[in-house]
Amino acid sequence: MLDPLFEPNEKLYGTISIEEVKKVVFNSKDGKSPGIDLLHNEVLKNNGVISVLHKLFQLCFETGKVPSIWGKAIIHPIPKVTQLDQRISLNYRGISLLSVVAKCYSLVLNNRLQNILEENDLTVDEQNGFRKDRSCLDQVLTLNSVIQNRKSTFVTFVDLLKAFDFVDRNLLQYKLRLNGIDGYMYNAISSLYVDTESCVRINGFQTNWFPCVNGVRQGDNLSPTLFSIFINDLAVEIKNLNIGIPVENEKNQYIVIRR
1 MLDPLFEPNE
11 KLYGTISIEE
21 VKKVVFNSKD
31 GKSPGIDLLH
41 NEVLKNNGVI
51 SVLHKLFQLC
61 FETGKVPSIW
71 GKAIIHPIPK
81 VTQLDQRISL
91 NYRGISLLSV
101 VAKCYSLVLN
111 NRLQNILEEN
121 DLTVDEQNGF
131 RKDRSCLDQV
141 LTLNSVIQNR
151 KSTFVTFVDL
161 LKAFDFVDRN
171 LLQYKLRLNG
181 IDGYMYNAIS
191 SLYVDTESCV
201 RINGFQTNWF
211 PCVNGVRQGD
221 NLSPTLFSIF
231 INDLAVEIKN
241 LNIGIPVENE
251 KNQYIVIRR
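Per the UniProt record's numbering, the very first residue in the sequence shown carries number 1; after that it's consecutive.
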């Protein structure tokens, strides 16, 4: 397990700047479907609105509380392949629509969290997915280079079924603290997982709201980063075991490929 951060970090406790809010709002894509609040990204791209959002985000950050509506997601089931039996739920991919205001707040937190992880080397080098200036293609190129150099290569691919959905939230919170993510940042992240609910909307019909107690949230900017933290110590422990296929008197290096 990685060493925690021992010194107070400005990104964990510091005031959210209006520049941080402007960055996420103006970088948000237009034409996206709204969440339960029916707001579109285009509505937020106004200096007056951004000023209000800045005050709201800072209040949420300092208090560790968010509007309850931010915890609601509307799931639209989309068929994975039209030829599959559409009576079977596993043949659908759920697209979760969240409040765009909540997503902007989440992205502010995510930008800070990613900086903390990178500046303190809290993510193993083998993880490239969803990291700044990195790509899963880097891993593919590494693997391709090994094969082209005709080195003995043993490859195992593991597809984690519904990986985001099965994350234990209590364990995730433990791992955040273990890596020194505390203070306002810890409380802000935790607040996004209080009383989360979803409903399914299809063909003009909507189900009742039901609680979601497991997993990182689909459609949320923070989720890939939180999942990286959640799975990171697994990669660390495997590496520390020093097991694998001997290649030229050394254990082979492994790579982690995630979409």
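Heads up, the beta-carbon is just placed ideally off N, CA and C, and yes, glycines get one too.
Assumed close pair K175, F230 - CB separation to whole angstroms, cut-off 8 Å
6 Å
Is S198 buried or exposed, if buried means 16 or more other CB atoms sit within 10 Å of its CB?
buried
Any alpha helix (DSSP H) of 4 or more consecutive residues that is wholly inside the stretch 72-113:
none
CA nearest to the CA of N110, picked from L39, N47, F61:
F61
Could you give the C-beta distance for V200 and I78, rounded to a whole number, given that I count them as a contact under 8 Å?
About 12 Å; that fails the 8 Å criterion.
Give me the Cα-Cα distance between G204 and L39, rounded to the nearest whole angstrom.
19 Å
Within 8 Å, do at least three Cβ pairs link the stretch 30-39 to the stretch 152-160?
no
D3 versus N208 - alpha carbon distance:
With a pLDDT of only 47 at D3, under the threshold of 50, the placement of this residue in the model should not be trusted; the figure read from the coordinates follows. Whole-angstrom Cα-Cα distance: 44 Å.
N170 burial status per 10 Å Cβ neighbour count (16 or more: buried):
exposed
Between the alpha carbons of T225 and R87, how many angstroms are there, rounded?
33 Å
Out of curiosity, what's the CA-to-CA distance linking R93 and L84?
12 Å
Looking only at its chain, what residues have a beta carbon closer than 6 Å to the beta carbon of C212, apart from the 5 residues adjacent to it on each side?
T196, S198
Does the count of Cβ pairs from the stretch 45-62 and the stretch 128-144 closer than 8 Å reach three?
no
Can you find at least 3 beta carbon pairs, one from the stretch 120-138 and one from the stretch 99-107, that sit closer than 8 Å?
no
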